[in-house]
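Everything below concerns the one structure shown next.
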Amino acid sequence: QHQHQQHQLVQVEQQQKHPPAVPCLPGCNASQSLAVLRASKEAVTLIHGPPGSGKTHVIVELLLQCLKPPSTKKTSSAPILVCAETHTAVDNVMCKLKCRGGPGFNLLRLGDLSSTRKDLQIDCLEAVPKVRSPEGNLDSRVVTRALSPADAVFTTCAGAGSLVLSLSSRPFKMVVIDEASQVTEPRTLLPLIH
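For the sequence shown, UniProt numbering assigns the number 1 to the initial residue and increments by one for each residue that follows.
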């Protein structure tokens with residue numbers, strides 16, 4: 001049994017040194033393409049790398065691969081929930097996706113307008129007309145209508161715990177947490193409950 005375990009360890013080490021050949025995605029190197037491929041097929045994937053190694057780029061490419069192009073949509077598929085600990089990190093992913101995906105995707109940003117980049121405020125739930133009553137309360141019907149066509153919803157991990165997401169009539173098909181090492185374990189559970 002000990003020899004069998006050593007053999008398995010050697011196989012794993014060899015696989016890590018020589019990953020299987022994967023066709024490179026446009027704008028991605030081989031390891032990034034492999035990360036996108038694995039993340040799109042596995043139930044849970046952790047992407048680890050030093051600063052500047054392209055982890056956020058991998059997330060954007062994963063989102064592009066998982067979101068159907070508008071021309072192929074026949075029915076609305078389940079949306080993707082994209083979170084990070086900070087508003088800046090959330091806006092960074094959303095901005096990069098908008099630049100790569102163009103206007104074809106229906107993206108919705110949750111959070112205060114004051115915490116969101118000016119160029120993304122048009123996609124904020126708070127920018128939807130009549131989303132709040134004169135008393136300042138969210139109108140659940142307006143929120144539900146705003147969430148319904150969304151291909152991807154962007155918010156902080158704390159924001160994922162808000163009642164807004166519970167108004168969605170569609171479950172999320174995928175949850176992505178960028179810069180997850182900055183998030184406490186309990187806070188990562190907030191997006192995962194959806």
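Each residue gets a CB set at the ideal place from its N, CA and C atoms; glycine is no exception.
Per the C-alpha coordinates, the member of I47, R187, E61, V131 positioned closest to L97 is E61. Runs of the alpha helix (DSSP H) spanning 4 or more residues and lying entirely within the UniProt domain "DNA2/NAM7 helicase helicase" (28-121) occur at 30-41, 55-66, 87-101, in chain order. Per DSSP, A146 lies in no beta strand (DSSP E) segment; the continuous alpha helix (DSSP H) that holds it begins and ends at 140-147. Under a 10 Å Cβ-count criterion, P51 is classified as exposed, with fewer than 16 other Cβ atoms of the shown protein chains found around its own Cβ.
Comparing alpha-carbon positions, the option among L107, C28, I47 lying closest to L120 turns out to be L107. In the displayed model, A152 falls within a strand according to three-state DSSP.
Membership of V176 in the beta strand (DSSP E) is indicated by the continuous run 174-178. Secondary structure at R132: strand, using DSSP grouped into helix, strand and coil. Beta-carbon to beta-carbon, V90 and T184 are separated by about 17 Å, too far to satisfy the 8 Å threshold. Cβ contact annotation for A84 (same chain, cutoff 6 Å, sequence separation greater than five): V90, D178, E179, in chain order. Between P79 and A152, the CB-CB gap stays under 8 Å.
Annotation: the continuous alpha helix (DSSP H) that includes L189 extends over 185-192.
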